[in-house]
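Following the numbering used here, the numbering of the sequence shown begins with 43 at its first residue and continues without gaps.
From the three backbone atoms N, C-alpha and C, an ideal C-beta is built for every residue, glycine too.
The block underneath contains the structure these notes are about, expressed in structure tokens.
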Amino acid sequence: NFFEDVQGKLVQKGVYCKMARGEMVRFMAENRIEKPEGIKQFAVMGYHFSEELSSKKEYVFLRKND
């Protein structure tokens, strides 16, 4: 999931989430990612992997929006 930190609150903005998912698919194809752990390196559009918000079943990518 993709979230934005807006004044300390985590929100999902549909348009940006959709764009980020598309960029992630591109990242996975270009880098031939075969295992889920590989997407932790994804850092596009200001998003980065958040270890503290992620779980084994769900990876969370976060970006700041002040």
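Counterpart residues of residue i in DSSP-defined beta bridges
i     : result
Val86 : Per DSSP, none; premise fails for Val86.
Leu52 : Asp47
Span separating the alpha-carbon of residue i from that of residue j
i      : j      : result
Lys106 : Gly88  : 8 angstroms
Gly50  : Leu104 : 12 angstroms
Phe45  : Val53  : 5 angstroms
Glu79  : Ala62  : 17 angstroms
Check whether residue i and residue j have beta carbons under 8 angstroms apart
i     : j     : result
Val86 : Glu72 : no
Phe69 : Phe84 : yes
Same chain, Cβ closer than 6 angstroms to residue i, five either side skipped, listed in chain order
i     : result
Asn43 : Val102
Min CB distance residue i to chain C below 8 angstroms
i     : result
Lys98 : In the structure shown, chain C does not exist; there is a single protein chain.
Proximal residues to residue i (C-beta, below 8 angstroms), its chain only, five neighbours per side dropped
i     : result
Lys55 : Glu46
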